[in-house]
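Remarks on the structure that follows.
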Amino acid sequence: MKKQIHEPDFIGGQGPLTKEEEIALSQYFAKKKNKENKQSNTTQAKPKSRLSVSV
Amino acid sequence: MKKQQSSGLDFLIDKLTNSVENVITGDSFQTEVSLVSTSDLKNVTKKNKWLFDWKFEHRQPEREVYKLTILGNSNVIQGLICIEVKSDHVYMHLVENAPFNKGKAKMYAGVAGNLVAFACRLSFQRGHEGNVSFLSKSQLIDHYEKTLGAIHFGGRVMIIETNAALKLIDRYFKNLSI
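If you want it as structure tokens, here you go:
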């Protein structure tokens, strides 16, 4: 029996990104990166404060 | 137009192994992804039922075209992908299954998924956290959301973000680490 396939046969073919699309994506990825950086900084800062309390 | 960051060109991946599945027998075949050459594209023509002009894609200096082949049979192209490494993500210009891998009568399953997972893996390796973008016709947006875990970014733009990229890599590159 043939297997049920759920995947595309092709993707894209719509040409390159427009300038506006490029800018929107850049802003989105930059925002995402900033958010992640902030979160990791906050996580890293916690042990320091605990350390200072114990000292 | 944006220039590629030099950090994105520190290394080059030109081969990866993985597998596709024969739709009828269920047998798996090891595959590899490698950069195409001009001679590879000799028979990749509209006359041979390829939909897109892959020779044009290959001529674009900022784009990389890779082929997926079965290990030990590198002359038969199972599918092609054209990508461009941007400063913050990988843009997929085009992915196409070989004519005999299209539709209900396709010979091998997993070709397009493999190639998209390859783009995601490349995105991680170039420091872009698995982020991949591509353009879609409006009627295919749902399909790509379901099959690839892509998100409709807006307009005709779709993106595959870190979590969806990891899922695709896990599905198609089980034996390889990022």
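Just so you know, the protein sequences line up as chains Y and R, in that order. Here this note's numbering is used: the first residue of the first sequence is 672, the next is one more, and so on. Here this note's numbering is used: the first residue of the second sequence is 80, the next is one more, and so on. Just so you know, even glycine gets a beta-carbon here, dropped at the ideal spot from N, CA and C.
Return the first residue and the last residue of the alpha helix (DSSP H) that Lys134(R) is part of. The residue given as residue 134(R) occupies position 55 in the second sequence. From DSSP, the alpha helix (DSSP H) with Lys134(R) extends over 133-138.
Could you have a look at Gly105(R) and say whether DSSP puts it in helix, strand or coil? Taking the second sequence and counting its residues from 1, the one referred to as residue 105(R) is at position 26. Residue state, collapsed to three classes: coil.
I'd like to know if the region 237-245 of chain R and the region 197-214 of chain R are in contact, where contact means that at least 3 CB-CB pairs between them fall below 8 Å. Using a Cβ-Cβ distance cut-off of 8 Å, the region 237-245 of chain R and the region 197-214 of chain R are in contact, since at least three pairs of beta carbons, one from each stretch, lie closer than that value.
Beta-carbon separation of Leu173(R) and Gly683(Y) under 7 Å? As a first step, residue 173(R) is located in the second sequence; it is residue number 94 there, counting from the start. As a first step, residue 683(Y) is located in the first sequence; it is residue number 12 there, counting from the start. Yes, these two residues count as a Cβ contact at 7 Å.
Relative to the C-alpha of Pro178(R), which candidate in Leu219(R), Asp119(R), Leu130(R), Asn154(R) has its C-alpha closest? Here residue 178(R) refers to the residue found at position 99 of the second sequence. Pro178(R) has its Cα closest to that of Leu130(R), out of Leu219(R), Asp119(R), Leu130(R), Asn154(R).
Where does the unbroken alpha helix (DSSP H) through Gln204(R) begin, and where does it stop? Within the second sequence, the letter at position 125 stands for residue 204(R). 190-204 is the extent of the alpha helix (DSSP H) around Gln204(R).
Collapsed DSSP secondary structure at His222(R) in the structure displayed: As a working mapping, residue 222(R) is identified with position 143 in the second sequence. Reduced to three states, the DSSP call for His222(R) is helix.
Helix, strand or coil for Phe213(R), going by three-state DSSP, please let me know. The residue labelled residue 213(R) in the question sits at position 134 within the second sequence. Phe213(R): strand per DSSP, three-state reduction.
If we cut at 7 Å on Cβ distances, does Lys181(R) have a partner in chain Y? Stepping through the second sequence from its first residue, residue 181(R) is reached at position 102. Closer than 7 Å to some Cβ of chain Y, the Cβ of Lys181(R) qualifies, so yes.
Considering Lys146(R), what are the terminal residues of the beta strand (DSSP E) in which it resides? For the purposes of this step, residue 146(R) is identified with residue 67 of the second sequence, where counting begins at 1. It spans 143-149 - the beta strand (DSSP E) in which Lys146(R) sits, taken as one unbroken run.
Opposite Val39(R) in the DSSP bridges: which residues? The question about residue 39(R) has no answer here: the residues shown for chain R are numbered 80 through 257.
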